[in-house]
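Numbering (the working numbering), first residue to last: 732 to 841.
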């Protein structure tokens with residue numbers, strides 16, 4: 732019984748640090764990382780993009796893919812701005828023809 736509760740505790744702690752979960756958009760991942768980070772410490776935008784890009788690559792069978800932030804206009808603008816996207820993380824450009832996941836929301840973090 733003691734081993735079962737230890738396993739449950741370890742499993743729950745692993746889930747809470749997962750930056751990207753199935754069904755969430757890339758912008759949700761970036762926002763989550765900017766607010767709480769993987770260890771409870773908020774990350775700057777560029778670091779949050781990197782964490783989510785790694786998670787997206789893992790979910791894409793190891794192949795890198797650009798993050799699609801078009802459903803959040805504020806994050807999209809930050810990705811396009813080299814002052815925020817200092818690591819030049821790849822992202823889907825605003826005028827891309829693919830469908831926007833979840834539709835476009837206007838979110839202002841200022």
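All C-beta atoms, glycine included, are put in the ideal place defined by N, C-alpha and C. Keep in mind it's a predicted model, so treat the numbers as computed, not measured.
Within the same chain, no Cβ atom closer than 6 Å to the Cβ of residue 767 is found once the five residues on either side in sequence are excluded. The Cβ atoms of residue 770 and residue 820 do not sit closer than 7 Å to each other. Residue state for residue 803 is assigned as strand, using DSSP reduced to three classes. Burial is judged here by how many other beta carbons sit within 10 angstroms of a residue's own beta carbon; residue 817 has fewer than 16 and is exposed. The Cβ atoms of residue 800 and residue 784 lie no closer than 7 Å to each other. Beta-bridge annotation (DSSP): residue 766 is not paired with any residue.
With contacts defined as CB atoms closer than 7 Å, residue 764 and residue 779 qualify as a contacting pair. By the beta-carbon neighbour count (other beta carbons within 10 angstroms, threshold 16), residue 814 is exposed. Residue burial is scored here from C-beta neighbours: residue 756 has at least 16 other C-beta atoms within 10 angstroms and is therefore classed as buried.
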